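Going down the list, the protein sequences come from chains A and B. My numbering puts the first residue of the first sequence at 1, with every later residue one more than the last. My numbering puts the first residue of the second sequence at 1001, with every later residue one more than the last. Beta carbons are placed, not taken as given, at the ideal position from N, Cα and C, and that holds for glycine. Every value quoted in this text rests on a predicted model; they were computed, and no experiment measured them.
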Amino acid sequence: MTNNTVLKLNGLAKRFGTVVANEDVNLTLAKGEVLALLGENGAGKTTLMNMLFGHYLPDAGTVEVADADGTLHPLALGHPQAALAAGVGMVHQHFALAENINALDNITLGSEPLLAVRRDRRAAQRKVQEIMARSGLTAPLDVAVGRLSVGERQRVEILKALYRDARILVLDEPTAVLTPQEADTLFANIKAMTADGLSVIFISHKLREVLAFSDRIAVLRHGRKVGEMPTSEADEATIARMMVGADTPKVARQVATPGAPVLTLRDVSLAGRSKRDTLRSINLTVHAHEILGVAGISGNGQSGLANLVSGLAVPTSGTLCVDTTEITRPSPAAMVAAGIGRIPEDRHHEGIVGGMSVAENMVIERLDDPAIQSHGLLRRDAIQDNATALAQAYDVRGPGVKASARLLSGGNIQKLILARVFEQSPRLILANQPTRGLDMGAAAEVGRRLLEARSRGAGVLLISEDLDEILGLADRVMVIRDGALLEAGTQDRGKIGLMMAGEPA
Amino acid sequence: MIRIEPREQTSRAFALGVPVLAAGVALALAAIPLMAAGANPIRAYSEMLRGVFGSVFAVSEMLTRATPLIFTGLAAALAFRARLWNIGAEGQLYLGAMAAVAIGSGALDIPGLFLVPLVIVVGAAAGAAGMVAPTYLKVRFGADEVVTTLLLNFIILIFLQMMLEGPLQDPMSLGWPQSAPILDQGVLPPLMDRMRVHSGLILALVLAACAQFMLIRSVWGFKLRAVGENAAAARHAGINVKRSLFGVAAISGGLAGLAGVSEVAGLKGYLTADLSPGFGYTGIVVAMLAGLSPVGVVIAAVFIASVFVGADSMSRAMGVSSFLADLVVSMALLCVLVGGFLAKYRILRTKRAEAAS
């Protein structure tokens, strides 16, 4: 190895019970290099990075990190403090920010002595502003983090790592929540920082950005490293094959003529608590046999729209009709009864009750159904049979239908929700960020199911921040910005991207 | 160096073993103050055991003590299952007791066949009202029910004293703050001759069985568990979270009210301001020891009643303070909390060299 190496992982291994999360993983990272770590959900990417960062103690293997002079030192494992001190910064997929305090305090939190008499806020602010200027990453510093958009929160997380003088930055699925433009900006910023000597590992599912922005690619499958190559020698098909071990099926779609309207919103406004759940006089129609894609930068009213259609929010004004019937008293139960299937954005928080069984989660929306209960008592055999059949039909894998739903992986939780929603043959499907954080196989499955529902005659309202997903699935695209909904009238990435950003197309 | 790491899954045996182990550890730890007090712990524990199981009378006393704890334990366990933190069982117990004497001590002179059920229903309703009110404040205004239910206990206790020196005072009590006795036909019949254990115990056991069945097998229990485990997902799935909360609030308060009814109409016969030596609060310990399972509540209530009754008898036999019982009970709770932590996390010992390198 040249003394250019800043990080070496030697034979790292980790098991959880009988599950092998990582086995004999070797990786190196050079100074100023951007390494993309690829792999399906459950391939062990996050576990590997958590061992590097000291959240997990490896069962075997060592980590070496270079100091400022480029000499490699073994890293004390299992201590995030040691990783931080060695210059390793990590930005998690699920942010670790305190929502009630402002961005500056979040950035400095933990890097100051606990019992300091006074804090030099101004110096801290100067340092952060200097980092912002150098890296191009900006975020409002004096606003409570709870009121920032997801993209801004992520920048705060990266600033937090840079504030601690990180020389190695680990990003866990950094673009899962960003617009294409935001993602491009992020990678441009990363490029600029690597020129300054920062080394970056980023975890991703998206082949396009991996190919565009990394220097080298490493692929994990079933916890092992199955391939590594310079990005210049890689192409999509090769990497995809490495990740899944076989060619991925392309989503096939047929032309369909839209039918009668199944969901109509007329001049609907919603007075939300923040920009993300405020809607301003929107009009929208989803027809049978149609997938309507709603594109937009996160926090522009998508939550409001989703809450409205799933029955969690009551419109301040305007009307909402399913088929031709106006829903006068919206509630989640009323929406389910009207034939709306809902795939929530945050599947852990709103989609499943983690402490209850997979079988129970599969019937949670149809507790009034006489097939599930009689005289207020659960029909346990029916619930069990239903779950076994659905798990089979939708390929929900895990420790069985009687186990807690929280033991399922993210992809399988989504399959559980798909099973629950699609089995009821809904008239309309609300899919809010349905493939966020899913691997290619699971994401393709979601797309296939949505297209299947469309050919069956359902309408689909697809809200997504992943423009590729919208362009791949939607028959018609609308753009949501600042709580207003605009017809895109085009399938052109660039034009839609500009509309999302508020520029005249 | 010691490290703590979350467990992927908690084994069933571990979950069941924790409370048992906790109880054992608490008893073992209590041997230290016993020895400090100059008593031989082995003799002390055998005295305790004899005081609880040594005779039919001893068992009857223990079950008499366990009866209100089953009620208040169920009250806490069901509410806690829905993440509704009812700390007000003590106050609800007194509301139930007041309602019982208001109806049962002469206001209505009707046959026992009607009076007993009426006393029970009215007492439960009074307790239920005592929990529904703070739940309304929680749902409507976001008032933290831990604070409101806890403080209501003191308000109700003072209200009780006012009533016992006013409308509810027994004219024959020579000025003592106590109520008129429950009419003979309104008393919960004793289960055995010359023993204090009464049919309130049967009611408690039946309700525990019902609660267990409803929690696991009914749609109501399904909704309750969903609301407690993840209210956001329950709401998204179309479960009326507020209705579930009000329902469990009424049942939880009602059960606590029944503890009061059972003590007044089954044991004491009349109401004083020291009817309950903290049964409402001990019910929380019972529920925690039971892992919030209704059947577990019965077992935990019997254990804690045994500790109290046994400690009383040991204290008489050996001259050691019966405060030991409180010590054992509190340590058992602490051990269960530590055990619950161990069930969720594993503690790893890392080698010094590895940690320091």
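{"query": "Please determine, among A:GLU452, A:HIS73, A:LEU467, the residue with the shortest C-alpha to C-alpha distance to VAL511 (chain A).", "result": "Because residue 511 (chain A) is not part of the residues shown, which for chain A are 1 to 505, the question remains open."}
{"query": "I'd like to know if VAL309 (chain A) contacts chain B, where contact means its C-beta is closer than 7 Å to some C-beta of that chain.", "result": "no"}
{"query": "Note down, in chain order, each residue of its chain lying with its Cβ closer than 7 Å to the Cβ of LEU1074 (chain B), except the 5 sequence neighbours on either side.", "result": "LEU1207, ALA1208, ALA1211, LEU1255, PRO1294, VAL1297"}
{"query": "Output needed for ALA1273 (chain B): all residues of its chain with C-beta closer than 8 Å, excluding positions within five of it in sequence on either side, in chain order.", "result": "LEU1157, LEU1160, GLN1161, LEU1164, PRO1177"}
{"query": "Just the C-alpha distance for GLY1228 (chain B) and PHE95 (chain A), rounded to the nearest angstrom, thanks.", "result": "25 Å"}
{"query": "Just the chain E side, please: which residues come within less than 8 Å of HIS349 (chain A) by C-beta, in chain order?", "result": "Of the protein chains in the structure, A and B, none is chain E."}
{"query": "Taking the beta carbon of ALA306 (chain A) as the centre, do at least 16 other beta carbons fall within 10 Å, making it buried, or is it exposed?", "result": "buried"}
{"query": "Go ahead and label GLN392 (chain A) buried or exposed: buried means 16 or more other beta carbons lie within 10 angstroms of its beta carbon, across all protein chains shown.", "result": "exposed"}
{"query": "I'd like to know if the segment 343–351 of chain A and the segment 1230–1239 of chain B are in contact, where contact means that at least 3 CB-CB pairs between them fall below 8 Å.", "result": "yes"}
{"query": "Could you tell me whether the segment 403–419 of chain A touches the segment 375–382 of chain A, using the rule of 3 or more Cβ pairs below 8 Å?", "result": "no"}
{"query": "Which same chain residues end up closer than 6 Å to MET90 (chain A) when comparing Cβ atoms and leaving out the 5 residues on each side of it in sequence?", "result": "PHE53, VAL170"}
{"query": "Taking a contact to mean a Cβ-Cβ separation below 7 Å, would you say ALA1023 (chain B) touches LEU1034 (chain B) in this structure?", "result": "no"}
{"query": "To the nearest angstrom, how far is the alpha carbon of ARG476 (chain A) from that of HIS1236 (chain B)?", "result": "27 Å"}
{"query": "Could you name each continuous alpha helix (DSSP H) segment of 4 residues or more that falls completely within the segment 1184–1266 of chain B, going from the start of the chain to the end?", "result": "1200–1217, 1219–1229, 1231–1236, 1241–1261"}
{"query": "For the alpha helix (DSSP H) containing LEU159 (chain A), list its first residue and its last residue.", "result": "150–163"}
{"query": "Using Cβ-Cβ distances below 9 Å, what residues of the segment 375–392 of chain A are close to chain B?", "result": "GLY376, LEU377, LEU378, ARG380"}
{"query": "Could you tell me whether the Cβ of GLY1238 (chain B) comes closer than 7 Å to any Cβ of chain A?", "result": "yes"}
{"query": "Suppose the cutoff is 8 Å on Cβ atoms and the five residues either side in sequence are ignored; what does the same chain contact list for ILE1304 (chain B) look like?", "result": "ALA1066, LEU1069, THR1282, VAL1285, VAL1286, LEU1289, VAL1329, ALA1332"}
{"query": "Is any heavy atom in the ligand GDP found nearer than 6 Å to the beta carbon of GLY1247 (chain B)?", "result": "With respect to the ligand GDP, the structure shown offers nothing to examine, as it has no ligands at all."}
{"query": "For a cutoff of 7 Å on Cβ pairs, would you count MET51 (chain A) as touching chain B?", "result": "no"}
{"query": "Using beta-carbon positions only, say whether GLY1257 (chain B) and ALA1082 (chain B) come within less than 7 Å of one another.", "result": "no"}
{"query": "Is there at least one Cβ from chain B nearer than 7 Å to GLY355 (chain A)'s Cβ?", "result": "yes"}
{"query": "Helix or strand or just coil, what does DSSP make of ALA1356 (chain B)?", "result": "With a pLDDT of only 37 at ALA1356 (chain B), under the threshold of 50, the placement of this residue in the model should not be trusted; the figure read from the coordinates follows. ALA1356 (chain B) falls in the helix class under three-state DSSP."}
{"query": "Along chain B, which residues have their Cβ under 9 Å away from the Cβ of ALA333 (chain A)?", "result": "ALA1237, GLY1238, ILE1239, ASN1240"}
{"query": "Report the neighbours of VAL336 (chain A) on chain B: residues whose CB is nearer than 9 Å to its CB, in chain order.", "result": "ALA1237, GLY1238"}
{"query": "Going along chain A in order, which residues have a C-beta closer than 9 Å to the C-beta of VAL1219 (chain B)?", "result": "LEU367, ASP368, ILE372, GLN373, GLY376, LEU377, LEU378"}
{"query": "In whole angstroms, what separates the C-alpha of ARG379 (chain A) from that of THR1148 (chain B)?", "result": "38 Å"}
{"query": "Roughly how many angstroms separate the alpha carbons of PHE1057 (chain B) and ALA371 (chain A), rounded to a whole number?", "result": "51 Å"}
{"query": "What is the C-beta distance between GLY39 (chain A) and VAL219 (chain A), in whole angstroms, given that I count them as a contact (C-beta under 8 Å)?", "result": "6 Å"}
{"query": "DSSP state of GLU487 (chain A), grouped into three classes?", "result": "strand"}
{"query": "Are the CB atoms of VAL1052 (chain B) and VAL1309 (chain B) within a distance shorter than 7 Å?", "result": "yes"}
{"query": "Pull out every residue of the segment 79–100 of chain A whose Cβ sits closer than 8 Å to any Cβ of chain B, in chain order.", "result": "HIS79"}
{"query": "Between the beta-carbon of LEU104 (chain A) and the beta-carbon of GLN81 (chain A), is there less than 7 Å?", "result": "no"}
{"query": "Opposite GLU469 (chain A) in the DSSP bridges: which residues?", "result": "Paired residue(s): none; GLU469 (chain A) is not in a bridge."}
{"query": "Counting only the same chain and skipping the five closest in sequence on each side, list residues whose C-beta sits under 8 Å from that of THR185 (chain A).", "result": "GLY136"}
{"query": "Hey, how far is the Cα of PHE1279 (chain B) from the Cα of LEU1224 (chain B)?", "result": "25 Å"}
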